[in-house]
Every structure is written in C-alpha cells, then in structure tokens.
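**Student:** In this note's numbering, the protein residues as written are 26 to 270. Cβ atoms here follow ideal geometry from the backbone N, Cα and C, with glycine treated the same way.
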C-alpha cells in the first residue's frame with residue numbers, strides 16, 4: 026500500500042525500481058514506513074494476517090494434491106492394516122497413530138464408540154512410531170501380534186500397550202503379551218522380523234507422502250484431514266461432510 030502511494034506521484038517514480046533509488050531516497054522511504062507502522066500498527070497486523078492466509082492456502086493445496094496422489098493407498102486397506110468397524114463400510118477413515126502418543130490413547134474409546142454407532146464406517150489403523158525408541162518397540166509389538174493371531178490379537182495387544190502406564194521395554198512387552206493371551210517368545214521373534222519392519226516402513230513412507238505432521242491424524246475418504254487431538258463430535262462432523270460430497 027505504501028509503495029503504491031509513493032510510486033503514484035509521477036511517471037518517473039512509477040518507472041523506478043529499487044536499484045534506481047539513491048541512499049538518501051532509500052533512507053527516506055524506510056523512515057516513512059517506520060512512521061506509518063508506528064502511527065497505524067494495523068498495517069503490520071494486516072500484512073501478517075495476509076501472509077498467514079497465503080501460507081495456509083498453500084498448505085491446504087499441497088495437502089489436497091498429496092491426498093489425490095495417494096488416494097488408492099488411503100482408500101484400500103493394506104494386508105497389514107487393522108480395521109475397526111465394518112470392513113466393507115462405505116466411508117473410510119484412515120488413522121495414523123503412535124501407541125505412545127497421549128492424544129492417540131485418549132481417542133481410543135471414541136473410535137470404538139464411533140464404529141458402534143455408525144455401522145457404515147471403517148477405520149484403517151496405520152501405526153507410525155514417531156516418538157522415539159519406546160514407540161518403535163510398542164509399534165513392533167502391536168504389528169507382531171497380528172502375525173500371531175490376526176486382527177483380534179492386534180487389538181488385544183494394542184489395548185494392552187496403549188492403556189499401560191509403564192514405559193515399554195522388552196521385559197514389559199513380554200508381560201503385556203502374556204496378559205493379552207499371546208505367546209511372548211513368538212512375539213519377540215516376530216517383532217525383529219522383516220514383515221514387521223516392512224509394515225512400519227510402508228506406513229511411515231505413506232505418512233511422509235501425505236505430509237503428516239503429527240499423531241493422531243485422521244483422513245476421511247482420502248479427501249479431508251483432521252490433524253492432532255480430536256473429539257468424537259469432530260469425527261462425526263467430518264464423516265458427515267465427506268458423505269455430502
């Protein structure tokens with residue numbers, strides 16, 4: 026706005042660029058800008074708001090492009106995905122979660138309630154250990170459980186790990202496995218195997234492809250994203266939104 030006012034005074038000024046100003050002229054321009062900002066701070070606030078809006082719009086466009094590029098992976102369950110709700114539900118919600126994430130733990134009962142109340146939704150669970158070695162160990166245990174007893178074993182181990190207050194180590198994982206009705210020795214072997222490693226690597230690669238910034242992150246029919254902490258009402262509203270098209 027200031028630049029437009031200054032360059033509007035003459036044809037010569039309109040033709041000038043920054044490189045044609047003298048040192049004295051540049052100092053005068055800086056002084057004018059400083060005075061304007063002091064007398065009307067809203068100029069700076071408006072500029073910051075515009076910059077933020079532009080950055081948010083660019084991020085949203087980038088997210089839409091990423092979802093479109095990965096629509097197949099976000100719409101079709103992988104063989105290693107655990108599925109809450111109806112496996113053939115018409116609305117697909119993908120949850121990227123870390124078993125050590127407190128917000129992921131908090132939302133567990135809401136997800137159970139959601140699929141109980143809405144029989145036409147399925148939640149694809151993609152575990153991504155992003156919070157360090159303890160998260161990796163817990164993630165390995167959950168995925169390894171599915172190799173031993175399918176999805177039922179996956180969810181039993183998931184609940185055991187994600188409701189446990191102790192920081193997981195190898196010994197604690199064995200205890201939790203036994204409590205979940207699993208063979209601790211086999212679980213330990215599978216945790217170190219290539220199948221578990223490949224599953225976590227695939228989930229992490231997909232998370233990177235859609236620019237995931239944290240857990241939990243929920244993606245609705247590969248078209249709409251809710252990152253971070255979320256309430257049951259937010260999940261229901263997002264599902265209603267994508268169903269409207």
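In the DSSP assignment, find the unbroken alpha helix (DSSP H) run with residue 193 in it and report its ends.
**Tutor:** Taken as a continuous stretch (DSSP letters only), residue 193 belongs to no alpha helix (DSSP H), as it is neither H nor E.
**Student:** Going by other Cβ atoms of all chains shown within 10 Å of its Cβ, with 16 needed for buried, is residue 268 buried or exposed?
**Tutor:** Residue 268 comes out exposed.
**Student:** Please report the straight-line C-alpha distance between residue 169 and residue 270, rounded to a whole angstrom.
**Tutor:** Cα-Cα distance, rounded: 37 angstroms.
**Student:** What residues in its chain sit with their C-beta under 8 angstroms from that of residue 259, if we drop five residues either side in the sequence?
**Tutor:** Once the five neighbours on either side are set aside, the close Cβ partners of residue 259 are 251.
**Student:** Under three-state DSSP, which class holds residue 211?
**Tutor:** Helix at residue 211.
**Student:** If contacts are defined as beta-carbon pairs under 8 angstroms, then residue 110 and residue 147 qualify, I think. What distance do you get, rounded to the angstrom?
**Tutor:** With a Cβ gap of about 5 angstroms, residue 110 and residue 147 count as contacting.
**Student:** Can you tell me whether residue 80 is buried or exposed, with buried defined as 16 or more other CB within 10 angstroms of its CB?
**Tutor:** For residue 80, the pLDDT reaches just 48, beneath the cut-off of 50, and the residue's location in the model is therefore unreliable, leaving the point undetermined.
**Student:** Using the Cα positions of residue 120 and residue 211, report the straight-line distance between them to the nearest angstrom.
**Tutor:** So the alpha carbons of these two residues sit roughly 27 angstroms apart.
**Student:** Could you tell me which residues DSSP puts in a beta bridge with residue 270?
**Tutor:** Beta-bridge pairing links residue 270 to no other residue.
**Student:** Could you tell me the distance, in whole angstroms, from the CA atom of residue 162 to the CA atom of residue 64?
**Tutor:** The straight-line gap from Cα to Cα measures roughly 58 angstroms.
**Student:** Below 8 angstroms between beta carbons: does that hold for residue 115 and residue 95?
**Tutor:** Contact: no.
**Student:** Report yes if the CB atom of residue 197 is closer than 8 angstroms to the CB atom of residue 191, and no otherwise.
**Tutor:** Cβ distance < 8 angstroms, so residue 197 and residue 191 count as in contact.
**Student:** Write down the C-beta distance between residue 166 and residue 223 rounded to the nearest angstrom, noting that I regard them as a contact closer than 8 angstroms.
**Tutor:** Between residue 223 and residue 166 the Cβ distance is about 16 angstroms, and since that is not below 8 angstroms, they are no contact.
**Student:** Rounded to whole angstroms, what is the Cα-Cα separation between residue 136 and residue 189?
**Tutor:** Taking the straight line joining both Cα atoms gives about 18 angstroms.
**Student:** Measure the beta-carbon distance from residue 240 to residue 123 and round it to whole angstroms, keeping in mind my assumption that it falls under 8 angstroms.
**Tutor:** Confirmed, Cβ separation roughly 4 angstroms.
**Student:** Determine the DSSP secondary structure at residue 120, reduced to helix, strand or coil.
**Tutor:** Correct three-state label for residue 120: strand.
**Student:** Name the two residues that bound the continuous alpha helix (DSSP H) containing residue 136.
**Tutor:** Taken as a continuous stretch (DSSP letters only), the alpha helix (DSSP H) holding residue 136 covers 127-142.
**Student:** So what does DSSP say about residue 150, is it helix, strand or coil?
**Tutor:** Looking at residue 150 - three-state DSSP - the assignment turns out to be strand.
**Student:** Can you check which of these residues, 157, 180, 172, is closest to residue 213 by C-alpha distance?
**Tutor:** The shortest Cα separation from residue 213 among 157, 180, 172 belongs to 172.
**Student:** Rounded to whole angstroms, what's the CA-CA distance from residue 98 to residue 231? Just pull it up for me.
**Tutor:** Near 8 angstroms, if we compare the C-alpha coordinates of residue 231 and residue 98.
**Student:** Is residue 108 helix, strand or coil by DSSP?
**Tutor:** Three-state result, residue 108: strand.
**Student:** Considering just the uninterrupted stretch of the alpha helix (DSSP H) at residue 58, what are its terminal residues?
**Tutor:** Unbroken alpha helix (DSSP H) run through residue 58: 48-64.
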